[in-house]
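If you read the sequences in order, they're chains A and B.
The working numbering applies: residue -10 is where the first sequence begins, and numbers increase by one.
The working numbering applies: residue 39 is where the second sequence begins, and numbers increase by one.
Where a beta carbon is used, it is the ideal one built from N, C-alpha and C, also for glycine.
A quick write-up on the structure given underneath.
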Amino acid sequence: MNIPNALDPVVSTKTAFGEGIQDVILFRGETTLVVAPFNVAKVARYLRDTNGLIYNFLSDISAVDYWEPTGGISGRPARFGVSYHFYSMLYNRRLRLKAFVDEDEPVVPTLTTIWPAANWLEREIADMMGIKFEGHPDPRRLLMPDDWNGHPHRRDYPLGYETIQFSFNAEEILKHKPFARE
Amino acid sequence: MVSTALTQEQQWQGSLEELRGLVSERAMTGETMMLNMGPHHPSTHGVLRLLLELDGEEVVTCLPDIGFLHTGIEKNIESKNYEKAVTLTDRMDYLSPMSNNMAYCMAVEKLVELDVPERAQAIRVIVLELSRIASHLVWLGTHAIDMGAMSVFLYCFREREKILDMFEMLSGQRMMGSYLRPGGVWRDLRPEFLPALESFLAIFPAKIDDYEKLLTHNPLWEDRTQGVGIIEPDVALAWGVSGASLRGSGVNWDIRKAMPYSGYEQYEFNVPLGEHGDVYDRFLVRIHELRESSKIIRQAIDRLPGGLFRSNNRKFVPPPRAELGQSMEAVIHHFKLWTEGFSAPDGEVYVSIESPRGEIGCYLHGTGGNKPRRVHFKTPSFMHIAAIPVMTQNHMIADLVAIIGSVDIVLGDCDR
């Protein structure tokens, strides 16, 4: 099999997208390309389909909330960061794509058309972090109940606890759980 | 008997309309039947609920519903310092807690640039491979019992018991040991551990032969598993399937080989591959992994180096108890590390390891302080459950049970 030579992901995306690549972060040997949210799907498809890159495996999508209890967003351009972790089986290397998403309009295009694996990963983020994925085929909540309020992984969401059930408050608690009675 | 009749408010108010687009049009007219499987069904391996659209016995659509075991582990870790969070990671994939420890510890070590001594790395390899064997034994036992082969289950649990006893020797706990810590392992191997491990390795290969005698060429087993739940390599990759389930489809990707960690590059072992990507091939791959894991443990014992079992970088690793009586620095480090913990830079790392189920990834983002900003675990069961609908397309319900068993899911791992 004729394997084309590996390309440097930073150089080739910069030539293809120019200003679209807003920043390149090198930290602990990991490369992160920062792009605008509306560019995510385009860059991801380019990374998967270009000879010499072939990032064919979507390892993970995760989101970070940069909100600080003392105020501010830790010096980042926007409150949320969505990180995509790609892996290239051919060249055995990883790459992270990162998009900073504003609190007022937390919308990123979906990757489900490129990798079906993104389906649940994005649903989880939409559920836990409240970031919407435009064009997602199944935007229901994934982990939390459908009638849940709020997004638990946001940093301003309190940790919370479950009330311990004693005989004096048992009735009160069971009111919230009609199906637990049997 | 208490009456279980539901009042007006308690009855399900929803309708099929909520599922429009996810199920076929035939379900809307009532031509096909919607059926709930789980969350209390034994063959769903925990609390997985599958919403099935059935045409007779044939599965038209399968919609997995997860979250019943969601315990907010990732959220909880944000409120703990780096070392104290290790105990929470045990509880995700409860059949191989050491793998979770490993993914998390490696992420912390990468974030703060902490080195692990060679002896600790070899000990880690031993316990990781023991976890792989223990986890595969539970998988084999439950997979077989799902298909009606009762006795395999008993044999598998007999051997797993020996491994759990060894874990108890190491960490004092049979399952949730939290034995791996950032910088190494919690304590050195106990004197009784290596003899126990030797005697286990002496009998184990014969036991694998026993399981194979019961299943591998058993015509009933072959009928139930061959040609069932086929997933093509490119489809498996697109759906993020990893680990033995991916290798069953013939894709040669094992993170222990591709991106070696903890000194895996020094061990000789094969990566078994399947050809057809069906339930039977996934079964064969895992059976062979049992043998390969015993080979790795054998090599690790033979080359087990002396030296430290945990890094002595006192900015990250608390000093042993004995030092506290003699050294003022030790007292200070002890106090600092057990109250405040160490700080990690405001950056992000992603580390992945090959767990018994597949790729466990740990995404860790520091704040510059002593607690992480965000921890996210990419867990193999999560991706595999998402891929179950692809594998079950146009199969019988009985095959669905075989397929769930073959991808080896743990719901604690999935829901976190």
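Item                                                                                                                                      : Value
Whole-angstrom C-beta distance between residue 167 (chain B) and residue 334 (chain B), which should lie under 8 angstroms                : 5 angstroms
Boundaries (first-last residue) of the alpha helix (DSSP H) holding residue 391 (chain B)                                                 : Note, residue 391 (chain B): premise wrong, no alpha helix (DSSP H); beta strand (DSSP E) at 386 to 392.
Close-in-space but distant-in-sequence residues of the same chain around residue 106 (chain B) (CB under 6 angstroms, 5 per side omitted) : 77, 85
Interfacial residues, the stretch 80 to 110 of chain B to chain A, with Cβ spacing under 8 angstroms                                      : 104, 105, 108, 110
Chain-ordered chain A contacts of residue 390 (chain B) [CB-CB under 9 angstroms]                                                         : 48, 49, 74, 76, 83
Chain E contact for residue 387 (chain B) (CB, 7 angstroms cutoff)                                                                        : Of the protein chains in the structure, A and B, none is chain E.
Spatially closest choice to residue 72 (chain B) from B:54, B:59, B:80, by CA coordinates                                                 : B:54
Other residues of its chain near residue 179 (chain B): CB distance less than 7 angstroms, five sequence neighbours each side excluded    : 190, 191, 194, 195
Whole runs of the alpha helix (DSSP H) within the stretch 189 to 274 of chain B, excluding any shorter than 4 residues                    : 231 to 253, 257 to 263
Against chain B: residues of the stretch 137 to 149 of chain A by CB proximity under 9 angstroms                                          : 141, 142, 144, 146, 148, 149
Interface flag, residue 109 (chain A) vs chain B, CB-CB below 7 angstroms                                                                 : yes
Expected contact under 8 angstroms - CB spacing of residue 423 (chain B) and residue 452 (chain B) to nearest Å                           : 6 angstroms
Beta carbon proximity, residue 403 (chain B) to chain A, threshold 7 angstroms                                                            : yes
From B:364, B:447, B:436, B:390, residue whose alpha carbon lies closest to that of residue 95 (chain B)                                  : B:436
Proximity test, Cβ basis, 7 angstroms: residue 56 (chain A) and chain B                                                                   : no
Pairwise C-alpha distance: residue 30 (chain A) and residue 100 (chain A)                                                                 : 6 angstroms
Short Cβ contact (7 angstroms threshold) for residue 209 (chain B) with residue 128 (chain B)                                             : no
Near-chain A residues of the stretch 268 to 287 of chain B (beta-carbon distance less than 7 angstroms), N- to C-terminal order           : 275, 276, 277, 278
Cutoff 8 angstroms; reference residue 109 (chain A); Cβ partners in own chain excluding five residues on either side                      : 131
For residue 73 (chain B), the residue or residues it bridges with in DSSP                                                                 : B:90
Cβ neighbour criterion (16 or more within 10 Å) applied to residue 182 (chain B)                                                          : buried
Residue 52 (chain A) in three-state terms, based on DSSP                                                                                  : strand
Spatial neighbours of residue 382 (chain B) in its chain, beta-carbon cut-off 6 angstroms, leaving aside the 5 residues before and after  : 149, 150, 404
Test item: CB-CB of residue 362 (chain B) and residue 372 (chain B) under 7 angstroms                                                     : yes
For residue 145 (chain A) and residue 160 (chain B), the rounded distance between their alpha carbons                                     : 42 angstroms
Distance CB(residue 320 (chain B))-CB(residue 286 (chain B)) smaller than 7 angstroms                                                     : yes
Near-chain B residues of the stretch 6 to 17 of chain A - C-beta to any C-beta below 7 angstroms                                          : 16, 17
Within the stretch 306 to 347 of chain B, ranges of the alpha helix (DSSP H) (whole runs, at least 4 residues)                            : 317 to 340
Given residue 283 (chain B) as reference, the closest of B:316, B:225, B:66 once Cα atoms are compared                                    : B:316
Bridge partners - residue 12 (chain A), DSSP secondary structure assignment                                                               : A:23
Runs of alpha helix (DSSP H) lying entirely within the stretch 82 to 142 of chain A, each at least 4 residues, in chain order             : 107 to 118
7 angstroms Cβ cutoff met for residue 227 (chain B) and residue 139 (chain B)                                                             : no
Listed by chain order, chain A residues near residue 416 (chain B) by CB distance under 7 angstroms                                       : 48, 49
Sufficient close CB pairs (3 or more, under 8 angstroms) joining the stretch 428 to 443 of chain B to the stretch 252 to 272 of chain B   : yes
Cβ shell of residue 355 (chain B) (< 7 angstroms), same chain only, five flanking positions each side left out                            : 221, 348, 349
With 16 other Cβ atoms within 10 Å as the buried cut-off, status of residue 408 (chain B)                                                 : buried
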